[in-house]
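Visitor: I have a structure I would like to understand better, so I am pasting it below and will then ask my questions one at a time.
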Amino acid sequence: LVLDANTGQNALSQVKAFDEALGVTGLILTKLDGTAKGGVIAAIAKAHPIPVRFIGVGEGLDDLRPFVAEDFVAALLGMDE
């Protein structure tokens, strides 16, 4: 399932609906190129044990990257430098 990170908490209801209907096996979150939008990943992880496979951090194809939880948390906390 591909989700726009800008949808915020609405992403939770989308994941729930699609998972109940189809059995979602993984997520791709797009538009994670700044601010606290990444908080939706934590909310989804808490409510639904579905792995995040990729994240989109920009506009181009090269901006779709494998999701590495440790790297994501470090970037979210400003410890990625």
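End of the sequence shown sits at 81 in our numbering; the numbers just go up one at a time, nothing left out. A virtual CB, placed ideally from N, CA and C, is assigned to each residue, including glycine. Just so you know, these numbers come straight off a predicted model, no measurement behind them.
Grab the span of the alpha helix (DSSP H) containing Ile41 for me, first residue to last.
Guide: Start and end: Gly39 to Ala47.
Visitor: Identify every run of the alpha helix (DSSP H) within the region 51-81, keeping only runs that are complete inside it and at least 4 residues long; order them along the chain.
Guide: Qualifying alpha helix (DSSP H) stretches, in chain order: 69-76.
Visitor: Give the DSSP-derived three-state secondary structure of Thr25 in the structure shown.
Guide: The answer is coil: DSSP assigns Thr25 none of H, G, I, E or B.
Visitor: State the DSSP-derived secondary structure class of Leu3, mapped to helix, strand or coil.
Guide: Leu3 falls in the strand class under three-state DSSP.
Visitor: Can you give the beta carbon distance from Leu29 to Phe18, rounded, assuming they're within the 8 Å contact cut?
Guide: Their Cβ separation, rounded to whole angstroms, is 14 Å, which puts Leu29 and Phe18 out of contact at 8 Å.
Visitor: In angstroms with no decimal places, state the Cα-to-Cα distance between Leu32 and Leu12.
Guide: Each residue's Cα considered, the two are about 16 Å apart.
Visitor: Going straight from the alpha carbon of Asp71 to that of Gln14, what length do you get?
Guide: Their Cα atoms are separated by approximately 25 Å.
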